[in-house]
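Visitor: There's a structure below that I have some questions on.
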Amino acid sequence: MENLAASQKSAVQTAWGKRPLIISGPCSAETEEQVIETAQRLAKTGMVNMLRAGIWKPRTKPGMFEGVGAKGLPWLQQAKKLTGLPTTVEVATGKQVEDALTFDVDVLWVGARTTVNPFSVQEVADALRGANVPVMIKNPINPDIELWQGAVERISRAGIKEIGLIHRGFSSYGNTEFRNAPMWHLALEMKRRMPGMLMVNDPSHICGRRDILQSTAQRAIDLDFDGLMIESHIDPDNAWSDAKQQITPERLGEMLEAISWRNEHVPSPSFHAALDKLREQINHIDDELMQLISQRMFIAEQIGTYKKNNNVTIFQQSRWNEVLEKAMAKASRIGLSEEFITRYMDAIHMESINRQNQIMNND
Ligand code: PEP
Ligand code: MN
3 MENLAASQKS
13 AVQTAWGKRP
23 LIISGPCSAE
33 TEEQVIETAQ
43 RLAKTGMVNM
53 LRAGIWKPRT
63 KPGMFEGVGA
73 KGLPWLQQAK
83 KLTGLPTTVE
93 VATGKQVEDA
103 LTFDVDVLWV
113 GARTTVNPFS
123 VQEVADALRG
133 ANVPVMIKNP
143 INPDIELWQG
153 AVERISRAGI
163 KEIGLIHRGF
173 SSYGNTEFRN
183 APMWHLALEM
193 KRRMPGMLMV
203 NDPSHICGRR
213 DILQSTAQRA
223 IDLDFDGLMI
233 ESHIDPDNAW
243 SDAKQQITPE
253 RLGEMLEAIS
263 WRNEHVPSPS
273 FHAALDKLRE
283 QINHIDDELM
293 QLISQRMFIA
303 EQIGTYKKNN
313 NVTIFQQSRW
323 NEVLEKAMAK
333 ASRIGLSEEF
343 ITRYMDAIHM
353 ESINRQNQIM
363 NND
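Each residue of the sequence shown is one higher than the last, beginning at 3 in our numbering.
Below, the structure is given as structure tokens:
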């Protein structure tokens, strides 16, 4: 018995250390047969290292399927026994942590709707005290990286040593291409703040649909994510939750085969030499850009002085329209995207306004 426990432990450790870490399984555990068949078909792909299933489901509106509850935990135990795949479930309360640990769930995850609420995260953290289990933390539903970091700190202070992050996108109003906007820069900033911490991408909840899952997963791999969490179901169209975004285990296998897996580092010296040369050019250009922006701000300040002396408003719509139109026309001629140039010009403009505001009101 003890040996069995030890070997199961090492299966989790192995999976946790695997790159890429591929986690898959249904949005929700529905029946014992569904969980077991999904696990067996996932195991057959030879590419999945961990089985996920939602047992308790946080639903936006009441009256929807809210998960089978603790009675689904033995199904996961059985699936693990049959396939060797370690298991992971979402926990949102102290009781759910206790139940999951009682039934040997190998890795726990904190969902997006929990990460937003420090009371809930603290309750989960308190229940985890003394447990030796890896915990993954999804980003909060709103684009607030401090909440994400706060959740990591709470779980870490409870003594959990192995913590991972899951990027599942951010909720936004209105219909966009994505169910949850990826805002990749926030995930990259979180990676920067938590160096070395496992970071997995969840394209299922970002996309909310099947047709762009693969390109989103590829994007994550290109950005050096450590793995993917992708929902799969034996009969996706009839899934009890998130039907539109789930795929069969076989489709997942094909998708993973088609992904180009990248390495952050390659040993080849000629690659490094070429890269270093190009990076040197980029450093030089960045330096020049900063110098130019600084000069531009200095001129904006001089304009601010004239405006102050003549009692003219800082902002003049016609002038700003003219600047923007010129920038847009040029951008399309020289291959810069409209979206980038809009953000760039807005940032420059705001800084100019702030500098002129200082001159007009603080001297
Ligand atoms: C889930 O993984 O099924 C889930 C509920 O995800 P999220 O917390 O990202 O909404
Ligand atoms: Mn889901």
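For every residue, glycine included, the Cβ atom is placed at its ideal position computed from N, Cα and C.
As the structure is a computational prediction, the values presented were derived from the model and not from experiment.
Between residue 136 and residue 109, how many whole angstroms is the CB-CB distance? I'm expecting something under 8 Å.
Guide: Sure, about 5 Å apart at Cβ, within 8 Å.
Visitor: Under DSSP, the alpha helix (DSSP H) around residue 232 begins and ends at which residues?
Guide: No alpha helix (DSSP H) contains residue 232, which is instead part of the beta strand (DSSP E) from 229-233.
Visitor: Should the region 196-203 be called in touch with the region 164-172, which here means at least 3 C-beta pairs below 8 Å?
Guide: With a cut-off of 8 Å, the region 164-172 and the region 196-203 count as touching, because enough Cβ pairs lie within range.
Visitor: Mapping DSSP to helix, strand and coil, what is residue 165?
Guide: Note: residue 165 maps to strand in three-state DSSP.
Visitor: Quick one: what does DSSP say residue 3 is sitting in, helix, strand or coil?
Guide: Bear in mind that a pLDDT of 46 at residue 3, under 50, signals an unreliable position, so the model cannot answer this.
Visitor: Going by the DSSP bridge assignment, what does residue 111 pair with across the sheet?
Guide: Paired residue(s): 92, 138.
Visitor: Distance check for residue 257 and residue 4, CA to CA, integer angstroms please.
Guide: The pLDDT assigned to residue 4 is 46, lower than 50, so where the model puts this residue is not dependable; a value taken from the coordinates is nonetheless given after this. Their backbone Cα atoms lie some 38 Å apart in a straight line.
Visitor: Any residue with its C-beta under 5 Å from a non-hydrogen atom of the ligand MN counts. Can you list them all in chain order?
Guide: Checking every Cβ against the heavy atoms of the ligand MN under 5 Å gives 29, 244.
Visitor: Considering only C-alpha positions, which residue in the set 289, 146, 328, 261 is nearest to residue 344?
Guide: Ranking the options by Cα distance to residue 344, first place goes to 328.
Visitor: Any heavy atom of the ligand PEP closer than 8 Å to the beta-carbon of residue 204?
Guide: Under cutoff, so the answer is yes.
Visitor: With a cut-off of 8 Å on the beta carbons, I'd call residue 171 and residue 160 a contact; round off their distance for me.
Guide: That pair is no contact at about 26 Å.
Visitor: Just to check, is the beta-carbon of residue 52 closer than 8 Å to a non-hydrogen atom of the ligand GDP?
Guide: Judged by which ligands are present, the ligand GDP is missing from the structure shown, whose ligands are the ligand PEP and the ligand MN.
Visitor: Is the CB-CB distance between residue 157 and residue 118 below 9 Å?
Guide: In this structure, residue 118 does not lie closer than 9 Å to residue 157 by Cβ.
Visitor: May I ask you to report which of helix, strand or coil DSSP gives residue 13?
Guide: Residue state, collapsed to three classes: helix.
Visitor: Say whether chain E places a C-beta atom closer than 9 Å to the C-beta of residue 150.
Guide: The structure shown contains no chain E; it is built from a single protein chain.
Visitor: Using only CA atoms, which one of 127, 104, 121 lies nearest to residue 111?
Guide: It is 127.
Visitor: Check whether the Cβ of residue 74 lies closer than 8 Å to any heavy atom of the ligand PEP, and answer yes or no.
Guide: Answer for residue 74: no, Cβ out of range of the ligand PEP.
Visitor: Between which two residues does the beta strand (DSSP E) carrying residue 54 extend?
Guide: Here the beta strand (DSSP E) through residue 54 covers 52-54.
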